[in-house]
Amino acid sequence: MDVAVTNDHTIWAVGEIHTPETDQFDSLGNWVPHYNAVHRDEEKWGLFRFYKKTNSVISEIRGIGINSQGEIWLASGSIYKWNGNIAELSYRREINTFEMIDRLWVDGSDNILGVGNEGLVVRYDGLSWNKIESGTTVYLRDIWGTSSENVWMCGYTSDYSNSILMRWDGAKTKILWEKQNPRGIPYFYSLSSLWASNERFFYVVNNTRIFRHSQKNLENVFQEPIRLGNAPYRIRGDAINDIFVVGNDAMIWHFNGATWHHYAYLQNNFDKLKSVSVTEHLVCAVGERYLNGVERYGVIYLGRR
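Numbering (the numbering used here), first residue to last: 118 to 422.
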């Protein structure tokens, strides 16, 4: 599940969406597949299906990346590029190894990185995809970069026994921190997400805390003076003074450059916010609402200013 706000009028949220009308045959005997996206154009929201060339719907879309040219890339284990009509397969995952690409960082048409399970890192140079040796088998949950030579990745294992922070410098990856070999850096717990806006700092979140990290000196780490209160899933921003963190129980925090603010009035025990995207005038968080321990619904939180 992921979301991308491209401008003040356009939002794409992706996942796997079932309605009372889907997953059955219609009156003409045609199968009605699930949806895999929600699209906002101007003020109108609508359910959407990204189709493959085989005329089948992509199953669960886990990640989305949109570059400045408006190209839409989708991660669903494999990676697809949407041509405006069809989602064309760009990177085919190896099914026999159970590899899955979950998240994308799209810098341009010739510089795209994807991460996923078993330490999987792949890169597109405009011509072909290549696997990058990561040196780990930790599930990489997030990726963000500020340039083609400065891309950060983090993640943790499903049993939380290990967590990792890595950097891609345009030629190779380097492990900067590992939970099982912390080297004095005070992250302590599992790293779930990270974000940067410039070449000076990047932000990373663990189970309970937010850290501002120097990009030049790894040991220069500032722990933000708040406790999140709930497990975070994503941190994103539009500028160094405009950062959001979202997570369990509809948790939303915002940093204005001076202080952090918690939107406590939004908090509830039903919503898990899995991703967030931010522009100058809009913030959009997406997730799931769990009711009765069984029912699950998609939720979208939209903020304007």
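Yeah, the Cβ is synthetic: ideal placement off N, Cα and C, and Gly gets one too.
- Secondary structure note for Lys-391: its beta strand (DSSP E) is the uninterrupted segment 388 to 395.
- About 5 Å separates the CB atoms of Val-120 and Ser-392; that is less than 8 Å, so the two are in contact.
- Under DSSP, Asn-267 shares a beta bridge with Ser-264.
- By the CB criterion at 7 Å, Gly-252 and Ile-189 fall outside the cutoff.
- A straight-line Cα-Cα distance of about 26 Å links His-330 and Ala-367.
- Note: Asp-359 is bridge-paired with Ala-356 in the DSSP secondary-structure output.
- When Cβ pairs closer than 8 Å are counted between the two stretches, the stretch 174 to 184 is seen not to touch the stretch 158 to 165, the count staying below three.
- The residues Asp-366, Ala-367 and Met-368, in chain order, have a CB closer than 7 Å to that of Gln-384 in the same chain once the five nearest residues on each side in sequence are set aside.
- Taking C-beta atoms under 8 Å as the contact rule, Gly-404 and Ile-134 fail to qualify, at a distance of about 13 Å.
- Secondary structure note for Ala-381: it is in no beta strand (DSSP E), with a DSSP letter that is neither H nor E.
- The C-beta of Asp-286 has fewer than 16 other C-beta atoms within 10 Å across all chains shown, which makes the residue exposed.
- The beta carbons of Ser-265 and Asn-228 sit closer together than 7 Å.
- Arg-406: member of the beta strand (DSSP E) spanning 399 to 408, first to last residue.
- Per the coordinates, the alpha-carbon of Ile-360 lies some 11 Å from the alpha-carbon of Ile-327.
- In this structure Asn-213 is exposed. Its beta-carbon is surrounded by fewer than 16 other beta-carbon atoms within 10 angstroms.
- Take His-126, set aside five residues on each side of it, and the residues of its chain with a beta-carbon closer than 6 Å to its own are Glu-159, in chain order.
- Selection Glu-138, Asn-153 and Val-338 evaluated against Asn-147 yields Glu-138 as nearest (Cα-Cα).
- With respect to Val-338, Ile-352 sits apart: the two C-beta atoms are not nearer than 7 Å.
- Within the DSSP secondary-structure output, Ala-121 pairs in a beta bridge with Trp-129.
- Taking the Cα positions, Gln-297 is about 24 Å away from Gly-231.
- Boundaries cannot be given for Lys-170, as no beta strand (DSSP E) includes it and DSSP labels it neither H nor E.
- Between the beta-carbon of Leu-311 and that of Trp-269 there is about 5 Å, and that keeps the pair under the 8 Å contact cut.
- Checking the DSSP bridge columns, you'll see Ala-192 partnered with Gly-180 and Ile-196.
- In the structure shown, the three-state DSSP call for Thr-214 is helix.
- Counting only unbroken stretches of 3 or more residues, the beta strand (DSSP E) elements lying wholly within the stretch 202 to 257 are 204 to 208, 218 to 225, 228 to 233, 238 to 241 and 246 to 248, in sequence order.
- Ranked by Cα distance from Leu-282, the options Leu-164, Thr-274 and Trp-294 are led by Trp-294.
- For Ala-154, DSSP records a beta bridge to Val-131 and Phe-165.
- Considered as a whole, the stretch 278 to 340 harbours 280 to 285, 290 to 295, 310 to 312, 318 to 322, 327 to 331 and 338 to 340 as its complete beta strand (DSSP E) runs of no fewer than 3 residues, in chain order.
- Rounded to whole angstroms, the gap between the alpha carbons of Val-411 and Ile-128 is 28 Å.
- Within the same chain, Trp-148 and Val-149 come within 8 Å of Phe-142 by CB-CB distance, once the 5 residues on both sides are set aside.
- Burial check for Ser-394: the Cβ neighbour count within 10 Å reaches 16 or more, so the residue is buried.
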